[in-house]
Amino acid sequence: ESLGLPPNSLSTEESIKQGVKYFSELLASSERLSVDLESVIQSYNYGGGFLGYVANRGNKYTFELAQSFSKEYSGGEKVSYPNPIAIPINGGWRYNYGNMFYVQLVTQYLVTTEFNDDTVQAIMDEALKYEGWRYVYGGASPTTSFDCSGLTQWTYGKAGINLPRTAQQQYDVT
3 ESLGLPPNSL STEESIKQGV KYFSELLASS ERLSVDLESV IQSYNYGGGF LGYVANRGNK
63 YTFELAQSFS KEYSGGEKVS YPNPIAIPIN GGWRYNYGNM FYVQLVTQYL VTTEFNDDTV
123 QAIMDEALKY EGWRYVYGGA SPTTSFDCSG LTQWTYGKAG INLPRTAQQQ YDVT
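Quick note: the sequence shown uses the working numbering, first residue 3, plus one each step.
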């Protein structure tokens, strides 16, 4: 849709590639306009014009801004929307332009891990304990010694971050 094509015109792979490209363009615009990430997420649904709308109204996403944008562009037309996210907020409707609940719908699936200076220090402190230990293929603990991905899994685990075991699996989750 961001290419102006009818829905379902692209293959899955082409759609993902276009979606990532479009999201990166929205991120670049958000940096120029000094608006937050939630505004970018909502703009992925509404289109890039929402970023300017937010920039002119305090530079920070709110549900109320998403709602007023949708109301304006739908001419106030409401449609039924019995989604579990919408029902407690307004009984189950949305304006008929995009989806004003898009940020809530997306962010419910995002899981973030606190990764601050203390976390990095904990990882490094643990890793440095094993500096100079011999490499053991398949090793994943101080009892067995370590291979590369085993050491990564172990040290991150000590900082409260669970990683899969192999290098490929670790790469796949990043």
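For every residue, glycine included, the Cβ atom is placed at its ideal position computed from N, Cα and C.
Could you tell me if the beta carbon of W135 falls within a distance shorter than 7 Å of some heavy atom in the ligand SAH?
Looking at this structure, you won't find the ligand SAH or any other ligand, since it has none at all.
Where N118 and V175 are concerned, what is the direct C-alpha to C-alpha distance, given to the nearest angstrom?
For the purposes of this step, residue 118 is taken as residue 116 along the sequence shown, with counting starting at 1. For the purposes of this step, residue 175 is taken as residue 173 along the sequence shown, with counting starting at 1. Distance between N118 and V175, taken at the CA atoms: about 19 Å.
Looking only at its own chain, which residues have a Cβ that is under 7 Å from the Cβ of S45, when we skip the five neighbours before and after it?
Taking the first residue of the sequence shown as 1, we reach residue 45 at position 43. Cβ within range, chain order: L28, F52 and L53.
Answer yes or no: do S82 and G94 have a C-beta to C-beta separation smaller than 8 Å?
Within the sequence shown, the letter at position 80 stands for residue 82. Within the sequence shown, the letter at position 92 stands for residue 94. S82 is a Cβ neighbour of G94, given a cutoff of 8 Å.
Among S70, E116, P86 and Q106, nearest to E40 - alpha-carbon criterion
The residue labelled residue 40 in the question sits at position 38 within the sequence shown. Measuring from the Cα of E40, the nearest candidate turns out to be Q106.
Mind listing, in chain order, the continuous alpha helix (DSSP H) runs of no fewer than 4 residues lying wholly within the stretch 90-124?
Counting only runs of 4 or more, we get 104-109.
For Y24, which three-state DSSP category applies?
Here residue 24 is taken as the residue at index 22 of the sequence shown, counted from 1. Y24 falls in the helix class under three-state DSSP.
Opposing strand residues paired with K207 [DSSP bridges]
The structure shown does not extend to residue 207, since the chain spans only 3 to 176, so no value can be given for it.
For a test of the three-state rule: what should DSSP assign to A68, helix, strand or coil?
If you number the sequence shown from 1, residue 68 lands on position 66. Residue state for A68 is assigned as helix, using DSSP reduced to three classes.
The alpha helix (DSSP H) spanning V56 covers which residue range?
Position 54 of the sequence shown, counted from the first residue, corresponds to residue 56. Here the alpha helix (DSSP H) through V56 covers G51 to A57.
Where S151 falls: helix, strand or coil (DSSP):
On the sequence shown, residue 151 is found 149 positions in, with the first residue counted as 1. Reduced to three states, the DSSP call for S151 is helix.
Candidates T157, N92 and Q170, of which the one nearest A124 by Cα:
Translated into positions along the sequence shown, residue 124 becomes position 122. Measuring from the Cα of A124, the nearest candidate turns out to be T157.
Let's see if you can read the secondary structure: which residues bound the alpha helix (DSSP H) around N47?
Along the sequence shown, read from residue 1 onward, the residue named residue 47 stands at position 45. Here the alpha helix (DSSP H) through N47 covers L39 to Y48.
Beta-carbon gap between R96 and S72 smaller than 8 Å
By one-based count along the sequence shown, residue 96 stands at place 94. By one-based count along the sequence shown, residue 72 stands at place 70. Contact: yes.
Own chain residues within Cβ distance below 6 Å of D38, not counting five before or after
Here the question's residue 38 lines up with position 36 in the sequence shown. Excluding positions up to five away in sequence, the list reads K62 and Y63.
Candidates T146, G140, K160 and T145, of which the one nearest T168 by Cα:
As a working note, residue 168 is residue 166 in the sequence shown. Nearest Cα to T168 within the set T146, G140, K160 and T145: G140.
Within a Cβ cutoff of 7 Å, which residues of the same chain sit near T154, ignoring the five residues on either side of it in sequence?
Working through the sequence shown from its first residue, we reach residue 154 at position 152. Result list for T154: L165 and Q172, in chain order.
If you draw a straight line from the alpha carbon of S26 to that of Q20, how long is it in whole angstroms?
If you number the sequence shown from 1, residue 26 lands on position 24. If you number the sequence shown from 1, residue 20 lands on position 18. So the two alpha carbons sit approximately 10 Å from each other.
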